[in-house]
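Visitor:
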Amino acid sequence: MTSLLLVLLSSVLVTTVVLAHLPQWRPFVAPTDVFGGARVIAILCMAAVPAVSLLGWLLVRLVLGPWHLEYLRTPALVAVVLIVVPLVELALRRRGTLLTQQPGFALVMSTNTALLGIALITDLRAATFGAALLLAIGAAAALALLLLAFAALYERLQQADVPVAFREAPLALVTAGIMALAFMGFSRLIQE
Amino acid sequence: MLPALLTMVGLATAAGIAAVLAARRPERDHNRLVDEIDALLPQTQCGRCTFAGCRPYATALANGEADINQCPPGGHATAAALASLLGREPRPVDPRFGSVPTQPMVAWIDEGACIGCVKCIQACPVDAIVGASKFMHTVIAAQCTGCELCIPPCPVDCIVMRPAPI
Amino acid sequence: MRQVLYALVPTVALHVVFFGPGLLIQIVLGVATALGCEAAALRLRGKPLPPFLLDGSAIITAVLLALCLPPLAPWWLVVSGVAFAILLAKHLFGGLGANPFNPAMVGYAVLLVSFPARLLQWLPPNVAGIEPANLSLLETLATILTGSPPARLTWDAITSPTPLDALRTDLALGLTMGEAHARVLFSTFGGKGWDWINLATLAGGGWLLALRIIRWHIPVAMLGALFVCASVMSAADPGAYAGPLFHLTSGASLLGAFFIATDPVSAATSNRGRLIYGAGIGVLTYVIRTWGGYPDGVAFAVLIMNLAVPLIDRYTIPRIYGHAR
Amino acid sequence: MATSGVRGGLRLNAHKERSTEHSLRPASPVESLVLPLDQHAGAPAVPRVKPGDRILRGQPIAEPGGEISAWLHSPASGTVAAIEPRPAPHRMGAPALSIVVANDRRDERYESASPPPFEQLSPQQLRETIGRGGIVGLGGAVFPTAAKLSSAAGASGLRLLLNGAECEPYISCDDVLMRERARDVVFGARVLLHALAAQTCVIAIEDDTPRAAESLGAAVAEARDERIQLRLVASIYPAGGERQLITTIFGVEVPHGGLPGDVSTACLNVGTAAAVAQWIRDAQPLTGRIVTVTGDGVREQRNLDVPLGTPMAALIYDCGGYTGRMSRLIMGGSMMGQALPHDDMPVIKATNCIIAASALDLQPRGPEMPCIRCGNCSAACPAVLLPQQLHWYALARDLAALETYGLVDCIECGCCDYVCPSQIPLAERFRDMKPALLERLTARANADAARTRFDARTARLERIESERDAALARKRQELAKKS
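Residue numbers (this note's numbering), protein chains in the order written: chain S, 48 to 239; chain X, 669 to 834; chain F, -2 to 322; chain P, 37 to 519.
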């Protein structure tokens, strides 16, 4: 219970970063189907977050740790993200989950911050493999849900009579701010 | 130093292999994308995009061999929808491929002038013209997509475009 | 929306009986700020003033926020909170009908996160057994406007934590539920004074239900979820967790269930969606109260579920007549 | 016991008693009758007469102009004064090609060979006969009855539902019809049962029309026909909506995009049944109908038996003229009726009610406020839609979302308008958005059809090509063998 809630809290930080990117997934376009795009990314996250976190955790424990290379943690985790995301993307495309983007770096670009963040947090917080697994799955679910919620909210706001100066990115940032505010409620949820 | 180098080189190589593997669209993904694009096209089958029909154009779009602004019958709405689907920059229809029709048109055969040469029947991409050799032809208005492909082959110029009946 | 204000009258009245006239001053300050901000925003956005200004939504936001603040909170607290609520949470998102987050709760959360200490300076209830420093109307006004208590008193002499807050502190200090409950602030099922205020809120909410201004789904789902969570946890360990009745009657549970979560603009819109939305608020409220860093969780819970509303709406479209299930 | 199986709906003040106090009487004859050729659903009728022709009452003056179309008969004897465009109520006052009959007041009746008793005709012959009576649905949709019967007939377990649930406020023409002509309704039911080859008939009426129930009950008992039964439904608007009534009576929903025939039901208005009876039994085609003239803006609120083509102005005059409070003229009920720009328009087959409304009848709407998503509309919506969401997407003109949220299933009953605290004209907005959405759906259907045809042609061409190649290869082989 506590670790799951902790995960939710942790993912907030990274999610806000991801969410600020959301309007850019479909640049210059009246976003007809932001939600559809978000759903694909959410599925991708569900698959990639646990894989990245666990691989990263194992890498740190089994390779970097014994060789005293902890200072390489961040670049190593970036590399893990770069390995896992294209493979997950390939698997999704094989399954026929529609990804309209050209194959390549688009998905890595839009998800790497979140993945890296969660991998780092998993690495710092999880002492055992079981804890890492739990954290990773919890973070994946939380991230996916938040992505979907924000995409749905974003679509709803598209039709609102928002003052011109605040359309698109400013409003997305304000919304992300209020979300972060809401998630402050979870602060100190776990006293360690 | 060496372990660090080995680790990073190993990881980088793995990332490179993953990137290469993921750089091509698997066939299933490709087909679904073509279906999705095809669903946005007006199915006029006029070939003004320089491809042999709507689906060939969709295939070319999916392969990145065509631009989103090549479909005059679809108009700007189709161009915008394609841009949105493919994550490309929206652009208005390129006038080089033809002008955007203001209202739906269908072909109409002046039955008095028709000599029954069947050339238009062969040209029609959706089999919307009925008739037989030496007999008068007529266009089934409900099935005509307004592609105008029947107009050039007509030797007596008896086909004109008219506003579609409502 | 006028009826919602009428339904709040008993709550406000009992609040004044137990905690002095501070709330009335807060309401006046809040409503004035709300109307001023609303008018300014409408003017800036080029909308007609009268229909929007008089529809009561801004006033409700101000009153709800004032009800959440300590009666002696300094004036700038309520003013800045209401200004945040109206300008940022409402008009930035498109004004009436378009705001995805409950404005009053946004204002409250901003204040709670920024000035937590100020928001915990509550007053002891004016009941037998507790001797509060009864401030006169003038003294109250002076306290609110200057931000410091009358010369004859200190803050410590006037203030007291809310029951929820007191319970949290006591439990953190290692007291059991029974010991904590034996303290003077608590009555049989809630905090002294708070029990009556909550009863008044329940009555007001019931009246709104009877008038069909609000529907039963959200209050029932929220209170039900809170009840279930509290029952399960207190059954598991009665010494460490407060019982369901305490949870239902303390803090903003009832106010939240009937007046805050039911704000239609920021709530889910289908009946099934409302049940999910309400239940989510109930569960989150319990979680934040019990394990979180703030004494009450209603505001955060409402905001988090507000965020989920468009997603809930998307997946709870009712089956249209004649469509296959 | 009155039942309602429908979700949502409203209990409204029916305002019917004002027009049912007086008994039914024929309208005073008028000089000139205007008969729009497209007053029924489907293709416009084609005139069979020329200006100047002498015609008799009941004489067919226009014939069906298509598969779905209807005959038109002269409501009076006289001459054809003109065939020209005239303002028509079903077009909100825009002109429609109409036959103008100058009434000579001699009321000479056109003698047609009277048909044999209906039992002797086959169902199909009977349906054709009904079609020649110019009979269309009199509930307001004016769909040609013969076409409706033909599409429904022959289904196994087919049930006939006669709709006497006149749920819309102000309208009382069916109530009065059932009081005064209950025998016609029951006889019509028997004719329709035969025409449909159906075995059961339910006549549904609302529980707030006791005199109609009494009179119909007596007529049903008198007919001694066990196939026909009477059912009361709760008077909740829109209980008499076709789909709603079928759900109430039979407990099944008409599927999306389907017709009542899909649930083995044929639903007709009681007025239509009475018109069928008059045509089959008395050889009187549809040349008139009962019209409710009501509202605070007219002196004498009552029901009249009106020849088609009578100008509304004459009808109002017949009822004592306007009062000073008259503010708006409406054809139909207060919920779904259409506002008319003036009264120089004829009564047509669809005219069930004319409301001369005062400000008391229809309060002018206040200024429109933004939707606050209160959900009163979705609670009232009998089609189980979410009008608050539809409204949001209608403002954004988001056709894809409107499709998802079921705009096509909106029956435009106006319940959402009625309960909206923000005074939003929801039904009107939905009505405005429907054509765009339907156009989109049609375009998609057309594109799908074109794609199928193109694919079929491509496959055919490929097949021909490969066959030709195969034949060529065979020939080459044969030649190679020979040489």
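Where a beta carbon is used, it is the ideal one built from N, C-alpha and C, also for glycine.
Keep in mind the model is a prediction, meaning the values are calculated, not measured.
Going by the CB atoms, is the gap between S:CYS92 and S:LEU167 shorter than 9 Å?
Guide: Going by C-beta atoms, S:LEU167 is not nearer than 9 Å to S:CYS92.
Visitor: Quick one, are the C-beta atoms of P:LEU431 and P:LEU473 less than 9 Å apart?
Guide: No, the Cβ-Cβ distance between P:LEU431 and P:LEU473 is not below 9 Å.
Visitor: Whose Cβ in chain F lies nearer than 8 Å to the Cβ of P:ARG279?
Guide: Ordered by position in chain F, the residues that pass the 8 Å Cβ test against P:ARG279 are TYR318, GLY319.
Visitor: Which residues share a DSSP beta bridge with F:PHE183?
Guide: In DSSP, F:PHE183 forms a bridge with F:GLY188.
Visitor: Should P:ASN412 be flagged as near chain X, meaning a C-beta pair shorter than 9 Å?
Guide: No, no contact with chain X.
Visitor: Touch check for the stretch 83 to 102 of chain F and the stretch 259 to 268 of chain F: three-plus C-beta pairs under 8 Å?
Guide: Touching, yes, given that three or more Cβ pairs across the two stretches are closer than 8 Å.
Visitor: Assuming S:PRO133 contacts X:ALA690 (C-beta within less than 8 Å), just tell me the rounded distance between them.
Guide: Indeed, because the Cβ distance is near 3 Å, the residues count as touching under 8 Å.
Visitor: Give the secondary structure of P:VAL70 by DSSP, where H, G and I count as helix, E and B as strand, and everything else as coil.
Guide: If DSSP states are grouped into helix, strand and coil, P:VAL70 belongs with the strands.
Visitor: Tell me whether F:ALA114 is buried or exposed, calling it buried when 16 or more other Cβ atoms sit within 10 Å of its Cβ.
Guide: So F:ALA114 counts as exposed.
Visitor: Give the DSSP-derived three-state secondary structure of X:ASN699 in the structure shown.
Guide: If DSSP states are grouped into helix, strand and coil, X:ASN699 belongs with the helices.
Visitor: Return helix, strand or coil for P:ARG61, following the three-state DSSP convention.
Guide: P:ARG61: strand per DSSP, three-state reduction.
Visitor: Tell me, please, whether the CB atom of S:ALA136 is closer than 9 Å to any CB atom in chain X?
Guide: First, the residue type needs correcting, since residue 136 of chain S is Glu and not Ala in the sequence shown. Yes, S:GLU136 counts as interfacial toward chain X.
Visitor: Does chain S have any CB closer than 9 Å to the CB of X:ARG696?
Guide: By this cut-off, X:ARG696 is an interface position.
Visitor: Just reading off the alpha helix (DSSP H) that F:GLY27 is part of, what are its end residues?
Guide: It spans 19 to 42 - the alpha helix (DSSP H) in which F:GLY27 sits, taken as one unbroken run.
Visitor: Helix, strand or coil: how does DSSP classify F:VAL280 here?
Guide: Of the three classes helix, strand and coil, the one that applies to F:VAL280 here is helix, per DSSP.
Visitor: Quick one: using the 10 Å Cβ neighbour count with 16 as the cut-off for buried, is F:TYR3 buried or exposed?
Guide: Counting Cβ neighbours within 10 Å, F:TYR3 comes out exposed, since fewer than 16 surround it.
Visitor: Assign S:GLY185 to buried or exposed, taking buried as 16 or more other Cβ atoms, counted over all protein chains shown, within 10 Å of its Cβ.
Guide: Buried, because 16 or more other Cβ atoms sit within 10 Å of the Cβ of S:GLY185.
Visitor: Distance check for S:ALA198 and S:LEU69, CA to CA, integer angstroms please.
Guide: Per-residue confidence for S:LEU69 stands at a pLDDT of 47, beneath the threshold of 50, marking its modelled position as unreliable; the derived number appears in the next sentence. Taking the straight line joining both Cα atoms gives about 8 Å.
Visitor: Among F:LEU66, F:ILE257, F:ASN99, F:TYR238, which has the Cα closest to the Cα of F:TRP119?
Guide: Selected option, being the one with the closest Cα: F:LEU66.
Visitor: Is DSSP giving S:TRP104 helix, strand or coil here?
Guide: It is helical.
Visitor: Could you work out which residue in P:GLY324, P:ALA386, P:ALA98 is closest to P:PRO62 when comparing CA atoms only?
Guide: P:PRO62 has its Cα closest to that of P:GLY324, out of P:GLY324, P:ALA386, P:ALA98.
Visitor: Give a yes or no on whether 9 Å exceeds the smallest Cβ distance from P:ALA432 to chain S.
Guide: Yes, contact with chain S.
Visitor: In the structure shown, what three-state DSSP assignment does F:ILE83 receive?
Guide: In this structure, F:ILE83 counts as helix in the three-state DSSP scheme.
Visitor: Is the distance from the Cβ of P:ASP379 to the Cβ of P:PRO347 below 9 Å?
Guide: Yes, Cβ-Cβ distance for P:ASP379 and P:PRO347 is below 9 Å.
Visitor: Which of the three DSSP states, helix, strand or coil, is assigned to F:ASN268?
Guide: Helix, per DSSP.
Visitor: Can P:CYS451 and P:MET367 be called in contact, C-beta distance under 9 Å?
Guide: Cβ atoms of P:CYS451 and P:MET367: not closer than 9 Å.
Visitor: Could you please give the first and the last residue of the uninterrupted beta strand (DSSP E) stretch that includes P:THR359?
Guide: Note, P:THR359: premise wrong, no beta strand (DSSP E); not H, not E.
Visitor: What does X:TRP776 pair with, by DSSP beta-bridge criteria?
Guide: Answer by DSSP bridge pairing, in chain order: X:VAL828.
Visitor: By Cβ distance, which residues of its chain are closer than 6 Å to P:ALA77, with the 5 residues on each side in sequence left out?
Guide: Only VAL178, PHE179 meet the Cβ criterion.
Visitor: Whose C-alpha, out of F:ALA38, F:GLY17, F:VAL76, is nearest the C-alpha of F:VAL25?
Guide: Selected option, being the one with the closest Cα: F:VAL76.
Visitor: List the endpoints of the continuous alpha helix (DSSP H) containing F:LEU164.
Guide: Residues 160 to 169.
Visitor: Give me, in chain order, the residues of the same chain whose beta-carbon lies closer than 7 Å to that of F:ALA63; leave out the 5 immediate sequence neighbours on both sides.
Guide: Closer than 7 Å at Cβ, skipping near neighbours: LEU20, GLN23, ILE24, GLY27, VAL75.
Visitor: From the DSSP output, in three-state form, read off F:VAL225 for me.
Guide: If DSSP states are grouped into helix, strand and coil, F:VAL225 belongs with the helices.
Visitor: Comparing alpha-carbon positions, which option in F:ALA38, F:LEU134, F:ALA80, F:PRO45 lies nearest F:LEU69?
Guide: When each option's Cα is compared against that of F:LEU69, the closest is F:LEU134.
Visitor: Anyone know if the C-beta pair for P:GLY167 and P:ALA233 falls short of 9 Å?
Guide: Contact: no.
Visitor: In chain order, which continuous runs of the alpha helix (DSSP H) of length 4 or greater are located wholly inside the stretch 428 to 489 of chain P?
Guide: Whole alpha helix (DSSP H) segments, 4+ residues: 435 to 440, 451 to 455.
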